[in-house]
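**Q**
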DNA sequence: TTGGTTGTAGACCGATTGGTCAACTTTTAA
DNA sequence: TTAAAAGTTGACCAATCGGTCTACAACCAA
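Residue numbers (full-length UniProt numbering), protein chains in the order written: chain H, 1 to 208; chain C, 1 to 208.
1. Measuring alpha carbon to alpha carbon, tell me which of 57(H), 96(H), 131(H) and 136(H) ends up nearest residue 78(H).
2. If you drop the 5 nearest sequence neighbours on each side, which residues of the same chain put their C-beta closer than 7 angstroms to that of residue 34(C)?
3. If you follow the alpha helix (DSSP H) that residue 191(H) is part of, which residue opens it and which one closes it?
4. Taking residue 109(C) as the query, report the chain H residues whose CB atoms sit under 8 angstroms from its CB, ordered along the chain.
5. If distances are taken between C-alpha atoms only, which option among 54(H), 93(H), 95(H) and 27(H) comes closest to residue 73(H)?
6. Taking C-beta pairs closer than 8 angstroms, name the residues in chain H that residue 157(C) reaches, listed in chain order.
7. Go through its chain and collect everything with a Cβ distance to residue 180(C)'s Cβ below 7 angstroms, but skip five positions before and after it.
8. Can you look up residue 162(H) in the DSSP assignment and give me helix, strand or coil?
9. Closer than 6 angstroms by C-beta to residue 10(C): which residues in its own chain qualify, once you throw out the five before and the five after it? Chain order, please.
10. Report the option in 187(C), 126(C), 164(C) and 115(C) whose CA atom is closest to the CA atom of residue 208(C).
11. In the stretch 125-142 of chain H, which residues sit with their C-beta less than 8 angstroms from some C-beta in chain C, listed in chain order?
12. Measuring CB to CB, does residue 195(C) end up less than 8 angstroms from residue 110(C)?
13. If you check the beta carbons only, do residue 202(H) and residue 178(H) fall under 8 angstroms apart?
14. Rounding to the nearest angstrom, what Cα-Cα distance links residue 86(H) and residue 106(H) in this structure?
15. Note down, in chain order, each residue of its chain lying with its Cβ closer than 7 angstroms to the Cβ of residue 39(C), except the 5 sequence neighbours on either side.
16. Exposed or buried, which one is residue 186(C) when buried takes at least 16 other CB atoms within 10 Å?
17. Give the residues from the stretch 29-50 of chain H that approach chain C closer than 8 angstroms (Cβ to any Cβ), ordered along the chain.
18. Is residue 74(C) close to chain H? Criterion is C-beta to C-beta, closer than 8 angstroms.
What follows is the structure, given as structure tokens:
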């Protein structure tokens, strides 16, 4: 409607009031890290305050209550995972290479030194059955990933490098199930090197 | 040392003092059910009191603190699982049939109407990375199961029905990883029927 | 009958939980 | 210069947490 009074471009979107003294990205990463290591229930607000360095009031004003902060970290993790997968796939030329690269990226969660596994899986296991909203967030993410993999497999089926006697979506789900199992098992005794060795068998089962 | 004064045989091991008014098996099953549904942290003593019908004093006197009761339910679940596997395998004649039966038994956790999954996996995911004692209990169980499966596969390799170009222990771990992934995924959208269909692909990958 | 032992019942405890709030500070807009 | 807006700080809150303890009841052996 009315014109701006100043000639200042939108490049500096200074907000009203006192500016924040913290970096939102750093704080969210710290909170994500805390939730990832200990889970939702076992992470107290005191833990989050210590992890982020913020005071209680600032945390609540900026991110709402514990569950809201948790959901923010969850969406953040899933968005990063999605971006990482897209970037990984974009760098590979063939369906076989894409599949290998995707599986290798999935198994990256097996490398964590503290056995923290995959945040999304941890959340699904802890909260999925009780919390429909969280279950939907994680479930939709898994659906997206599986569709990406399904497309890769369908492409490979068309070119004859992947077996065509089974649905592409079933083969994608098969590989996803394997990856989820490997990451879950890596929270215990499964070593990343063995996980990657077993992954070869899983992918071999998809080849024509 | 000293001889018994009464001629009563050991058949009736009446204990000293006031007898318990509850059935220990029922109470442990109720506690197991509560922990299984909600996880360790999210299950409060109030939940356990409601689930078992016992009063606080009785619960603590009979089973110790929350963690101790939890460990008792965990060992109970694992012992039952082990017994179920042994019984399942005993009824099958060939290595192929044993493997099918084992996998089918594993995927029984996918059938739970409330998506509660497998107690052992849930516990490993929630507590494994932080609690060495619990991690060992669950880890040892997985080791035992994997050894059973390894023996089956080695037998099948010897008779030529399973592929021999990979270690039996790797093939066993491969199948275990798949089963764990399927059960984990069943806490979300994976249906039991699809899980069993995918399991065919997993077992096919082991056949010669 | 009495003393020892175990189980039941529930009041009670300090600590911790997630969450709110008021006083104060720092910024921008008028 | 002043008012509104947003952020910071930490005291404060009721509720819940896991756990203890005392009074009492029910059983056995002596």
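Even for Gly, the Cβ is constructed at its ideal location relative to N, Cα and C.
Please read all numbers here as calculations on a predicted model, not as lab measurements.
**A** Quick answer:
1. If we check each option's Cα against that of residue 78(H), 136(H) comes out closest.
2. The beta carbon of residue 34(C) sits closer than 7 angstroms to the beta carbons of 43, 47, 48 and 51 from its chain, once the five residues preceding and following it are set aside; these are given in chain order.
3. For residue 191(H), no alpha helix (DSSP H) encloses it, and the DSSP letter there is neither H nor E.
4. Within chain H, no residue comes near residue 109(C); the closest Cβ sits about 12 angstroms away, beyond 8 angstroms.
5. 27(H)
6. Going along chain H, no residue has its Cβ under 8 angstroms from residue 157(C), so there is no contact; the nearest lies around 14 angstroms.
7. Counting only Cβ-Cβ distances below 7 angstroms, and skipping sequence neighbours, we find 121.
8. strand
9. Because the pLDDT at residue 10(C) is just 40, under 50, the model does not fix this residue reliably, and the value given afterwards should be weighed accordingly. For residue 10(C), where only same-chain residues beyond five positions count, there are no Cβ hits under 6 angstroms.
10. 164(C)
11. 125, 126, 128, 129, 130, 135, 138, 139 and 142
12. Yes, Cβ-Cβ distance for residue 195(C) and residue 110(C) is below 8 angstroms.
13. yes
14. 12 angstroms
15. 122 and 126
16. buried
17. 37, 38, 39, 41 and 42
18. no
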